[in-house]
Amino acid sequence: KNEVEQSPQNLTAQEGEFITINCSYSVGISALHWLQQHPGGGIVSLFMLSSGKKKHGRLIATINIQEKHSSLHITASHPRDSAVYICAVGRGGGADGLTFGKGTHLIIQP
Amino acid sequence: SQTIHQWPATLVQPVGSPLSLECTVEGTSNPNLYWYRQAAGRGLQLLFYSVGIGQISSEVPQNLSASRPQDRQFILSSKKLLLSDSGFYLCAWSPLTYYNEQFFGPGTRLTVL
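First to last, the sequence lines map onto chains A and B. Take 1 as the starting number for the first sequence in my numbering and just add one per residue. Take 1 as the starting number for the second sequence in my numbering and just add one per residue.
So this is what it looks like as structure tokens:
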């Protein structure tokens with residue numbers, strides 16, 4: 001079992017829909033990241049959070065430390081939101097990098 | 001402001017050929033540096049990380065090696081590429097003492113034929 005599990009793996013929705021992507025992890029963490037990867041491969045960091053909720057524009061990220069679960073929400077989705085969304089966790093034990101989920105491939109159709 | 005560079009952006013190499021990918025960071029000192037790989041159909045995986053010049057930690061046994069000859073330079077190498085080395089290679093850096101905050105480079109897409 002992977003230490004970081006994302007669902008769904010693939011999601012196709014219509015423009016304007018509310019989108020939710022889920023991430024569950026099985027290890028203790030010091031921080032959780034949501035990343036966005038466009039078709040060219042470049043990765044953009046959307047959020048880093050260790051508790052509660054963060055909002056940036058139409059994106060909202062929440063985390064429940066007790067349940068080891070995080071969600072990424074997109075309100076009023078738009079075709080330009082189409083990308084792969086990746087959940088990653090930092091263990092906090094040292095500078096030993098992140099552990100990544102396999103990503104959720106999101107397509108927003110006009 | 002800090003900037004991270006990777007080159008080349010794309011690379012096509014024959015099996016058995018050597019590899020050298022370079023990553024440099026500007027605008028910060030003493031960063032932690034990382035090499036990640038994304039193989040086809042798989043998630044990103046940590047390959048190497050470095051907390052200082054000449055200090056390399058390897059996460060996964062493989063056909064690759066890493067070096068850090070200067071504070072802000074990180075190099076990924078192979079003497080003989082395998083087909084399974086194909087993938088998307090990402091360099092990242094984090095502040096020395098706040099290693100949870102990571103910043104990613106643009107990546108190198110490597111195809112081994």
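C-beta atoms are modelled at their ideal positions from N, C-alpha and C, and glycine is treated no differently.
{"Check": "Spatially closest choice to V25 of chain B from B:S57, B:Q13 and B:L90, by CA coordinates", "Outcome": "B:L90"}
{"Check": "Neighbourhood of Y98 of chain B by C-beta distance below 8 angstroms, restricted to the same chain and skipping five residues each side", "Outcome": "none"}
{"Check": "Within chain B, the residues that G28 of chain A reaches when beta carbons sit closer than 9 angstroms", "Outcome": "Within 9 angstroms Cβ-Cβ: nothing; G28 of chain A doesn't reach chain B, min ~13 angstroms."}
{"Check": "The beta strand (DSSP E) enclosing P69 of chain B, as first and last residue numbers", "Outcome": "S65 to Q70"}
{"Check": "Euclidean distance between Cα positions of N2 of chain A and H78 of chain A", "Outcome": "31 angstroms"}
{"Check": "For T3 of chain B: DSSP bridge partner residues", "Outcome": "B:E26"}
{"Check": "Where the beta strand (DSSP E) containing G52 of chain A begins and where it ends", "Outcome": "G52 to H56"}
{"Check": "Supposed contact pair C87 of chain A and Q6 of chain A - C-beta distance, whole angstroms, cut 8 angstroms", "Outcome": "5 angstroms"}
{"Check": "Residue-level contact to chain A via CB, R72 of chain B, 8 angstroms cutoff", "Outcome": "no"}
{"Check": "Within 8 angstroms, strictly: CB atoms of I74 of chain A and L59 of chain A", "Outcome": "yes"}
{"Check": "DSSP beta-bridge partners of L82 of chain B", "Outcome": "Looking at the DSSP assignment, L82 of chain B forms no beta bridge with any residue, so it has no partner."}
{"Check": "C-alpha gap between L96 of chain B and Q14 of chain A, whole angstroms", "Outcome": "43 angstroms"}
{"Check": "Residues in the stretch 19–36 of chain B having any Cβ partner in chain A nearer than 7 angstroms", "Outcome": "N32 and Y34"}
{"Check": "K53 of chain A to A9 of chain B span [Cα, whole Å]", "Outcome": "35 angstroms"}
{"Check": "Assigned secondary structure, R91 of chain A (DSSP; H/G/I helix, E/B strand, else coil)", "Outcome": "coil"}
{"Check": "CB contact check: L98 of chain A to chain B, cutoff 8 angstroms", "Outcome": "yes"}
{"Check": "T104 of chain A beta carbon less than 8 angstroms from that of V84 of chain A", "Outcome": "yes"}
{"Check": "Contacts that L90 of chain B makes with chain A (C-beta to C-beta distance below 7 angstroms)", "Outcome": "I43"}
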